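Trainee: End of the sequence shown sits at 326 in our numbering; the numbers just go up one at a time, nothing left out. Would you mind keeping the following structure in view while I ask a few things?
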Amino acid sequence: MTKTTEVASVKTHRAVTSRRRTKASGTSHPQGRRTWGQLLRRATPWLFLAAPLVLLITFTYVPVGNMIYYSFTDWDGISPDRSFTGADNYVQIFTRPELFRVFFVSFYYLAASVAQIAIALYFATVLSFDLRFRNLFKGLLFFPYLINGVAIGFVFLYFFQDGGTLDSVLSWFGADTDHAWLGDPESANTSLAGVSVWRFTGLNFVLFLGAIQSIPGELYEAAQLDGATRWQQFRHIIAPSIRPVLSLSIILAISGSLAVFEIPYIMTGGATGTSTFVIQTVKLAFQFNKTGLASAAAVVLLLIILLITWIQRRLVPDEKVDLV
3 MTKTTEVASV KTHRAVTSRR RTKASGTSHP QGRRTWGQLL RRATPWLFLA
53 APLVLLITFT YVPVGNMIYY SFTDWDGISP DRSFTGADNY VQIFTRPELF
103 RVFFVSFYYL AASVAQIAIA LYFATVLSFD LRFRNLFKGL LFFPYLINGV
153 AIGFVFLYFF QDGGTLDSVL SWFGADTDHA WLGDPESANT SLAGVSVWRF
203 TGLNFVLFLG AIQSIPGELY EAAQLDGATR WQQFRHIIAP SIRPVLSLSI
253 ILAISGSLAV FEIPYIMTGG ATGTSTFVIQ TVKLAFQFNK TGLASAAAVV
303 LLLIILLITW IQRRLVPDEK VDLV
């Protein structure tokens, strides 16, 4: 009887132990699956960001780092040998007149940028109201921005040449057409800046128009009921609303005036005093094989743009405008 009891108790103990092990194993697997699922959910955003981050680092930050390194050397872009020259390249940029003179050419394009912002803002404001054929005018204003810069350069090269389209149009009004529009620095830079106005006004126009159209229509209705004129609507409703976009356009205008390349390179090749900072940098690197000096020039341009952006952000900080 005792042996039978002992055998039964042993079997009972084994059964209880087996159930506990089964329960323990059954609860461990779902917990492991939950842990793996949490890790996967946390890692999913980084997996989506991995490819863009790799591309950004490979094609942006690594080249910028190499450019900064080359700016302190005398590398010619071909030879594997290069020697460290310190800040000599930067000293040359600011002390050699032929290298520093290109900064003054940017003032032509900066003035043109002011003109194109004013023109774009005017047409965006006018065409935001209910006018006939406004969609047609929107397309006409934006179309030049869609054209390739090289094609624009060749078109206006024939437009400004002696006996070209501009001379023919002026002759219809009896004006003197004996003038080389691309022959002297002043008229050439003015002509090239005018081309940039024609091309980039559409970009600013679209930015301003999008910002203006996002303003609630109830504000215009309330202003009309109060007897506000168009100018008062622009001053008190439109202008405060588009301030962030206007700030963006100013930054794009300043950086664009310093980085002009396509149109002057195609039309004049940088001759007759029309060489811009970017054209000079390209020539230093690929024509004169002074990659170190060209890298220093590119770093200077980058620092100038960053400085202007910082100053603009300090002077005109982003503000939340609540018009409702």
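Just so it is clear, CB atoms sit at the ideal spot from N, CA and C, and this is done for glycine as well. Quick caveat: nothing in here was measured; it's all calculated off a predicted structure.
1. On the three-state DSSP scale, how would you describe threonine 75?
2. Could you say if the segment 236-251 and the segment 207-222 meet the contact criterion of at least three C-beta pairs nearer than 8 Å?
3. Just to confirm the assignment: which complete alpha helix (DSSP H) runs, minimum length 4, are found wholly within the segment 101-156?
4. Taking DSSP as the reference, what is the three-state secondary structure of phenylalanine 288?
5. Within 10 angstroms of its Cβ, does tyrosine 160 collect 16 or more other Cβ (buried), or is it exposed?
6. Looking only at DSSP bridge pairs, what is phenylalanine 86 linked to?
7. Shortest alpha-carbon distance to isoleucine 240 belongs to which of Thr37, Pro218, Asp78, Phe144?
8. Taking one C-beta from the segment 139-149 and one from the segment 303-319 each time, how about it: are there three or more such pairs within less than 8 Å?
9. Can you tell me the Cα-Cα spacing of threonine 29 and leucine 51, whole angstroms?
10. Would you decide whether threonine 97 is buried or exposed? Buried here means 16 or more other CB atoms lie within 10 Å of its CB.
11. Closest to tyrosine 72 by CA distance: which of Leu305, Leu308, Ala287 is it?
12. Leaving aside the five residues before and after alanine 207 along the sequence, list all residues of the same chain whose C-beta is less than 7 Å from its C-beta, in chain order.
13. In whole angstroms, give me the CA-to-CA distance for leucine 254 and phenylalanine 139.
14. Might you give, ordered along the chain, the residues of its own chain that have their beta carbon closer than 6 Å to the beta carbon of tryptophan 77, omitting 5 neighbours on each side?
15. Assuming contact is defined by CB atoms lying nearer than 7 Å, are serine 259 and serine 108 in contact in what I supplied?
16. Would you kindly report the start and end of the unbroken alpha helix (DSSP H) that includes tyrosine 267?
17. If you draw a straight line from the alpha carbon of serine 189 to that of valine 284, how long is it in whole angstroms?
18. For the alpha helix (DSSP H) holding glutamine 226, just list the boundary residues, first then last.
19. For glycine 176, which of helix, strand or coil comes out of DSSP?
Mentor: To lay it out plainly:
1. Here residue 75 corresponds to residue number 73 of the sequence shown, with the count starting at 1. Three-state result, threonine 75: strand.
2. Counting Cβ pairs under 8 Å, three or more are found: they touch.
3. If one requires a minimum length of 4 residues, the alpha helix (DSSP H) runs lying completely within the segment 101-156 are 104-129, 136-148, in chain order.
4. By 1-based counting over the sequence shown, the position of residue 288 is 286. In the three-state DSSP reduction, phenylalanine 288 falls in the helix class (H, G or I).
5. As a working mapping, residue 160 is identified with position 158 in the sequence shown. So tyrosine 160 ends up on the exposed side.
6. One-based indexing of the sequence shown puts residue 86 at position 84. Answer is Thr75.
7. As a working mapping, residue 240 is identified with position 238 in the sequence shown. Taking only the C-alpha atoms, the option nearest isoleucine 240 is Pro218.
8. no
9. Locating residue 29 in the sequence shown gives position 27, where the first residue counts as 1. Locating residue 51 in the sequence shown gives position 49, where the first residue counts as 1. Unreliable positioning characterises threonine 29 in this predicted model, as indicated by a pLDDT of 49, which lies under 50. The coordinate reading is nonetheless provided below. Roughly 35 Å between the two C-alpha positions.
10. By one-based count along the sequence shown, residue 97 stands at place 95. It is exposed - the Cβ of threonine 97 has fewer than 16 other Cβ atoms within 10 Å.
11. Taking the first residue of the sequence shown as position 1, residue 72 is located at position 70. The residue with the shortest Cα to Cα distance from tyrosine 72 is Ala287.
12. As a first step, residue 207 is located in the sequence shown; it is residue number 205 there, counting from the start. At residue 207 the sequence reads phenylalanine, which differs from the alanine that was named. Contacts found: Ala122, Phe125, Ala126, Leu143, Phe144.
13. Taking the sequence shown and counting its residues from 1, the one referred to as residue 254 is at position 252. Taking the sequence shown and counting its residues from 1, the one referred to as residue 139 is at position 137. Taken atom to atom, the span from the alpha-carbon of leucine 254 to that of phenylalanine 139 is near 24 Å.
14. The residue labelled residue 77 in the question sits at position 75 within the sequence shown. Around tryptophan 77: Arg84, Thr293, Gly294.
15. Here residue 259 is taken as the residue at index 257 of the sequence shown, counted from 1. Here residue 108 is taken as the residue at index 106 of the sequence shown, counted from 1. Contact flag set, yes.
16. On the sequence shown, residue 267 is found 265 positions in, with the first residue counted as 1. Taken as a continuous stretch (DSSP letters only), the alpha helix (DSSP H) holding tyrosine 267 covers 264-269.
17. Locating residue 189 in the sequence shown gives position 187, counting from the first residue. Locating residue 284 in the sequence shown gives position 282, counting from the first residue. Spanning the two alpha carbons is a distance of roughly 24 Å.
18. What you label residue 226 is simply residue 224 of the sequence shown in a count that begins at 1. Taken as a continuous stretch (DSSP letters only), the alpha helix (DSSP H) holding glutamine 226 covers 219-227.
19. Position 174 of the sequence shown holds residue 176. Coil.
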